[in-house]
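> Quick note, the numbering used here runs 19 ahead of the 1-based positions in the sequence shown.
Built from N, CA and C at the ideal position, the CB exists for glycine as well.
No experiment lies behind these values; they were computed from the predicted model shown.
Can you keep this structure in mind? I'll have questions shortly.
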Amino acid sequence: MKKVVTLGPAGTYSEIATKKLLKVLNMDAKILFEPSIDFCFEKFKETDYLVLPLENSIDGYIQRTLDLLNSNEHYYINKELSIPITFSLVSNEVSMDEIETVYVQFKTQNQCLNFFHQFKHLKFVITDSNVQSLNLHLKNPKKTAAVVPTHLVSNKHQLVINHIEDELTNQTRFVLIEKKLWEERVEKNLKVLLVLSPNVDRPGLLYNLLGTFAKHNINLSSIMSRPKKDKIGTYHFFLELNLQSKNLKELLQTLKNSIDLNIKILGVYA
20 MKKVVTLGPA GTYSEIATKK LLKVLNMDAK ILFEPSIDFC FEKFKETDYL VLPLENSIDG
80 YIQRTLDLLN SNEHYYINKE LSIPITFSLV SNEVSMDEIE TVYVQFKTQN QCLNFFHQFK
140 HLKFVITDSN VQSLNLHLKN PKKTAAVVPT HLVSNKHQLV INHIEDELTN QTRFVLIEKK
200 LWEERVEKNL KVLLVLSPNV DRPGLLYNLL GTFAKHNINL SSIMSRPKKD KIGTYHFFLE
260 LNLQSKNLKE LLQTLKNSID LNIKILGVYA
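As structure tokens, then:
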């Protein structure tokens with residue numbers, strides 16, 4: 020049986036997304052869990068698929084996913100799936116005033132800032148996963164609370180506050196990563212994730228780059244710079260664009276001819 024690795028432990032939104040992706044693609048695979056994005060990429064060397072969060076509608080792109088995807092050769096996004104994300108605060112205390120410490124995963128906290136802004140007395144213990152937050156609270160229930168996915172809430176807690184995320188429409192986009200790019204796509208409208216690394220920095224570089232997309236009538240949905248890490252002030256550009264697959268080769272050739280840069284495809288997906 021094939022294997023897929025994702026963020027664990029079991030019970031996380033990553034597991035839910037992985038199961039949904041496997042079902043959509045009609046694939047059967049054993050799900051393996053790792054505690055961090057770095058460990059997931061390491062384990063991916065031994066497995067067939069990798070499922071990771073790429074972007075949250077409140078907190079933005081998952082930068083570590085982008086950086087490791089770029090630093091590894093021949094890893095490609097072939098499918099995406101967005102799922103709704105809701106969080107609850109659970110505690111054995113009867114009110115927020117009695118809670119002193121909250122266990123919360125770092126990305127989860129960033130999606131619930133408006134709620135926590137109301138309670139200046141709280142101290143936060145940052146965890147690696149939402150399940151770990153719950154387990155730490157259960158081991159240390161006195162004057163503590165945990166922020167957990169709503170589907171993990173039980174009736175054992177004295178205090179449950181649902182929907183503490185900043186936006187009720189909160190979503191996270193997960194991606195399926197493989198070691199080869201799907202060459203033939205039946206979808207008409209695709210998303211493409213590129214990394215552009217200019218070889219020479221000069222005035223007007225970004226202007227010329229964006230002009231190329233406008234000339235080809237291509238919708239650029241996002242652009243983000245990330246440091247190359249070998250020297251201060253040098254950057255990669257991560258771009259996500261909407262494109263028909265038949266136009267991809269033409270676009271890449273035009274970019275190479277007009278601007279001195281290295282181009283890497285990180286995914287073609289829908």
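Measuring alpha carbon to alpha carbon, tell me which residue in Lys62, Asn208, Ala29 is nearest Val287.
Per the Cα distances, Asn208.
> From which residue to which residue does the alpha helix (DSSP H) around Gln151 run?
Its alpha helix (DSSP H) spans residues 149 to 158.
> With distances taken Cα to Cα, identify the nearest neighbour of Val70 among Ala48, Leu108, Ile77, Gly79.
Comparing Cα-Cα distances from Val70 to each of Ala48, Leu108, Ile77, Gly79, the minimum goes to Ala48.
> Leaving out five residues on either side along the sequence, give the residues of the same chain with a beta carbon under 7 Å from the beta carbon of Lys275.
Excluding residues within five positions, the ones whose Cβ falls inside 7 Å are Ile282.
> How big is the Cα-Cα spacing for Val219 and Leu270?
Rounded to the nearest angstrom, the two C-alpha atoms are 20 Å apart.
> Jot down the residue ranges of each uninterrupted beta strand (DSSP E) in the segment 25 to 67, minimum 3 residues, whole runs only, in chain order.
Listed in chain order, they are 48 to 53.
> Tell me which residue opens and which closes the alpha helix (DSSP H) that Arg83 is part of.
That run of the alpha helix (DSSP H) goes 82 to 90.
> Does the structure place the segment 44 to 60 close enough to the segment 164 to 181 that three or more beta carbon pairs sit under 8 Å?
No contact exists between the segment 164 to 181 and the segment 44 to 60.
> Please determine, among Ser244, Asn45, Leu262, the residue with the shortest C-alpha to C-alpha distance to Ile237.
When each option's Cα is compared against that of Ile237, the closest is Leu262.
> Going by the CB atoms, is the gap between Ile118 and Lys162 shorter than 8 Å?
Their beta carbons are under 8 Å apart, which means Lys162 touches Ile118 by this criterion.
> Going by CA-CA distance only, name the one from Ile196, Thr191, Asp185 that's closest to Glu74.
Ranking the options by Cα distance to Glu74, first place goes to Thr191.
> Which residue comes first and which comes last in the beta strand (DSSP E) that contains Ala289?
Note, Ala289: premise wrong, no beta strand (DSSP E); not H, not E.
> With burial defined as no fewer than 16 other Cβ atoms inside 10 Å of the residue's Cβ, what is the status of Gln137: buried or exposed?
By the 10 Å Cβ count, Gln137 comes out exposed.
> DSSP state of Gln177, grouped into three classes?
If DSSP states are grouped into helix, strand and coil, Gln177 belongs with coil.
> Just the Cα atoms here: how many angstroms apart are Ile102 and Lys42?
About 14 Å.
> Helix, strand or coil: how does DSSP classify Glu99 here?
Three-state DSSP puts Glu99 in a strand.
> Going by beta-carbon coordinates alone, are Val167 and Leu153 separated by less than 8 Å?
The answer is yes: Cβ separation under 8 Å.
> Just the Cα atoms here: how many angstroms apart are Tyr226 and Ala233?
Those two C-alpha atoms are separated by around 11 Å.
> Run through DSSP, which three-state label would Glu184 get?
If DSSP states are grouped into helix, strand and coil, Glu184 belongs with coil.
> Is Leu171 helix, strand or coil by DSSP?
Helix.
> Are Val214 and His182 touching if we call contact CB-CB under 8 Å?
Cβ atoms of Val214 and His182: not closer than 8 Å.
> Between Leu239 and Leu260, how many whole angstroms is the CB-CB distance? I'm expecting something under 8 Å.
Leu239 to Leu260, Cβ: 5 Å. Contact.
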